[in-house]
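So the structure is just underneath, and the comments pick up after that.
Protein chains in written order, with the working numbering: chain A, 1 to 355; chain B, 1001 to 1247.
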């Protein structure tokens, strides 16, 4: 198919349409406003549901209602807005409702800034809702990958009855690239939504969408079912990319926009005789722990680069299991690192090693 | 001959409601109306947080359980997804008038075509009788132990009157369940609300003055008397909005 030039945010919207989006519920917040803006037109033109909610809280709960009714549903937001959605995300996980959440990260904490950031890694992978739950988190590094992952996100959500977050940052949301909207995604056999509350005329018995289990043994059993599902997702859905991993001197671990910057850094390091590889996690949850087993033993160390002050760093330390020295380089507040800064970080690796 | 059968709109589960609480009567009325309108098999009810949190075990239709205050947001999501279905929320005053007031007002303002059954008993029942936005001046609760004070807590909030101001509402009535006559009036009001929904007229809400004998520290009869004597003067009964009446 022919390629078209579009912004990351438009790509989120158009890829969702391609994936058969039935309903969108959202609230304006920079830097993701183009997502609801495009969808407000595209969805209504196709006779689908678009509601601009009165709040982020309301939007995620509209998602709950529509997902519970068996529809393909999404919302999108950014940092401070995702913070408000955390209650709803916990309920969606508890009630096992599939949906897609677009999250375009900006600077924090608090109102922070509207510039790109990766300060919401914890928010995405650990979450702020209550209880033992996990959201699948997909982190694209380009507009094309945003399209591909958005489409896949709906399938993963439906396959496992779980929310899936596509975590981009303000840079990916705002930059324009040529994309093919019709690249095929992995074929999956999706289970029919026999559990949806669509009225008893449509199914046997009553369908109840619920996350309340008042008896301790019932709630624990529910939690164990969820844990078994998360284990299944961890087994099946890990995605990552290994770049230049044949006998590297150092390995960078970076995702999203930072990974792109590191690609350039790796190139200039190679020109200076330093051989650096990269692990690029695509799923942030489940985290690609097994990628770390593939790092050659001769590697001198791992540099984690993030547009934050060290959040994914935790997962790297867990996955590394103490095998290699780990160093960190981070910028925040909307400051985007230059490739030269990553080069410098590698050249001063020993000074940056974290405990 | 059996005169009072269990409505087809109720499951056979025993309810957990306290003796003298009006949730039982109100559940029965909603169930009967859904059955009489022959819409049970296309109804999705939204249970809220509060004493009625388990209403998904009692109404004999598909149900969704909402986070505290979010019932009208869920109902929006369901009804927009399935416009041919019948959707209702069943909420208390803490849920609807306090933590969920934004969801309620904006659903009403959008004219969302679903029905809200709003049980107002002037307290947070399930959590043990704390002050609600509807608590009467002078009413003692576990968080207003010397009684609600106007200067400190403000006046009880009147949702029926507020919602009647909003263009998107089609029908708003306040009723009570203190005697047979009023129970029949309540049923007529609820049936009208669901009928308006079936006719696509927009947001409908029935505020039902309800009892909470346990948290009011009253016996059921005294609680019924309190509704008439203390609540009605603050929350007057009647139709506050009816789009089909031009006067």
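Backbone N, C-alpha and C define an ideal beta-carbon position, used for all residues, glycine too.
Note to self: Assuming residue 77 of chain A and residue 112 of chain A are in contact, meaning their beta carbons sit under 8 Å apart, how far apart are those beta carbons, in whole angstroms?
What the structure shows: Actually they are not in contact, since the Cβ atoms of residue 77 of chain A and residue 112 of chain A sit about 14 Å apart, beyond 8 Å.
Note to self: My output table needs one value for residue 284 of chain A: the three-state DSSP class, helix, strand or coil.
What the structure shows: Strand.
Next item on the list: Please determine if the region 152 to 170 of chain A and the region 182 to 192 of chain A are in contact, where contact requires at least 3 C-beta pairs separated by less than 8 Å.
Entry: Output reads yes: the region 182 to 192 of chain A touches the region 152 to 170 of chain A.
Checklist line | Those runs of the alpha helix (DSSP H) which lie wholly inside the region 1151 to 1190 of chain B and span at least 4 residues | finding: If we require 4 residues or more, the alpha helix (DSSP H) runs fully inside the region 1151 to 1190 of chain B come out as 1159 to 1164.
Note to self: Shorter than 7 Å, the distance from the beta carbon of residue 247 of chain A to the closest heavy atom of the ligand NAD, or not?
What the structure shows: Ligands in the displayed structure: none, and consequently the ligand NAD is not present.
Checklist line | Residue from B:1116, B:1108 and B:1013 with nearest C-alpha to residue 1086 of chain B | finding: The shortest C-alpha separation from residue 1086 of chain B is found at B:1116.
Next item on the list: Return the chain-ordered ranges of every beta strand (DSSP E) run that is complete within the region 1071 to 1107 of chain B and spans a minimum of 3 residues.
Entry: Segments of the beta strand (DSSP E) lying fully in the region 1071 to 1107 of chain B: 1086 to 1092.
Note to self: Give me the subset of the region 204 to 230 of chain A whose CB atoms are less than 9 Å from a CB atom of chain B, sorted by chain position.
What the structure shows: Those would be 206, 207, 208, 209, 210, 211, 212 and 214, in chain order.
Note to self: Using 8 Å as the threshold, is the C-beta distance between residue 1142 of chain B and residue 1125 of chain B below it?
What the structure shows: Between residue 1142 of chain B and residue 1125 of chain B, the CB-CB gap reaches or exceeds 8 Å.
Check: Does residue 1227 of chain B get closer than 8 Å to chain A when you measure Cβ to Cβ?
Finding: No, because no Cβ of chain A sits closer than 8 Å to the Cβ of residue 1227 of chain B.
Check: Ends of the alpha helix (DSSP H) at residue 64 of chain A?
Finding: Annotation: the continuous alpha helix (DSSP H) that includes residue 64 of chain A extends over 56 to 68.
Notebook entry, point to check: Measuring CB to CB, does residue 1050 of chain B end up less than 8 Å from residue 1092 of chain B?
Noted result: Residue 1050 of chain B is a Cβ neighbour of residue 1092 of chain B, given a cutoff of 8 Å.
Notebook entry, point to check: So which residues of chain A does residue 1113 of chain B contact, with C-beta pairs closer than 7 Å?
Noted result: Those within 7 Å of residue 1113 of chain B in chain A number zero; the least Cβ separation is about 13 Å.
Check: Where does the unbroken alpha helix (DSSP H) through residue 217 of chain A begin, and where does it stop?
Finding: Counting along the chain, the alpha helix (DSSP H) containing residue 217 of chain A begins and ends at 216 to 236.
Margin query: On the criterion of 16 or more Cβ atoms from any shown chain inside 10 Å, does residue 1083 of chain B qualify as buried, or is it exposed?
Written below: With fewer than 16 other Cβ atoms inside 10 Å of its own Cβ, residue 1083 of chain B counts as exposed.
Notebook entry, point to check: Which residues bound the beta strand (DSSP E) around residue 1235 of chain B?
Noted result: Looking at the DSSP string, residue 1235 of chain B is not in any beta strand (DSSP E), and its letter there is neither H nor E.
Check: Quick one: Cα of residue 1059 of chain B to Cα of residue 127 of chain A, how far?
Finding: One C-alpha to the other measures close to 34 Å.
Notebook entry, point to check: What are the boundary residues of the alpha helix (DSSP H) that includes residue 89 of chain A?
Noted result: According to the DSSP assignment, residue 89 of chain A belongs to the alpha helix (DSSP H) that extends over 79 to 94.
Next item on the list: Mind listing the chain B neighbours of residue 71 of chain A? Cutoff is C-beta to C-beta under 7 Å, in chain order.
Entry: The answer, in chain order, is 1081.
Check: In whole angstroms, what separates the C-alpha of residue 47 of chain A from that of residue 54 of chain A?
Finding: Going from the Cα of residue 47 of chain A to the Cα of residue 54 of chain A covers about 22 Å.
Checklist line | Beta carbon proximity, residue 1060 of chain B to chain A, threshold 8 Å | finding: Cβ-Cβ to chain A under 8 Å: yes for residue 1060 of chain B.
Notebook entry, point to check: Would a C-beta distance cut-off of 8 Å place residue 1075 of chain B and residue 1032 of chain B closer than the cut-off?
Noted result: In this structure, residue 1032 of chain B does not lie closer than 8 Å to residue 1075 of chain B by Cβ.
Check: With distances taken between CB atoms, is the gap from residue 133 of chain A to residue 226 of chain A smaller than 8 Å?
Finding: Between residue 133 of chain A and residue 226 of chain A, the gap from beta carbon to beta carbon is short of 8 Å.
Notebook entry, point to check: Applying a beta-carbon distance threshold of less than 8 Å, which residues of chain B neighbour residue 22 of chain A?
Noted result: For residue 22 of chain A, the chain B residues whose C-beta falls within less than 8 Å of its own C-beta are 1081, listed in chain order.
Next item on the list: With DSSP collapsed to three states, give me the class of residue 14 of chain A.
Entry: In the three-state scheme derived from DSSP, where H, G and I count as helix and E and B as strand, residue 14 of chain A is classed as helix.
Notebook entry, point to check: Going straight from the alpha carbon of residue 1212 of chain B to that of residue 1127 of chain B, what length do you get?
Noted result: Between the alpha carbons of residue 1212 of chain B and residue 1127 of chain B lies a gap of roughly 12 Å.
Margin query: Along the chain, where does the alpha helix (DSSP H) containing residue 52 of chain A start, and where does it finish?
Written below: No alpha helix (DSSP H) contains residue 52 of chain A, which is instead part of the beta strand (DSSP E) from 49 to 52.
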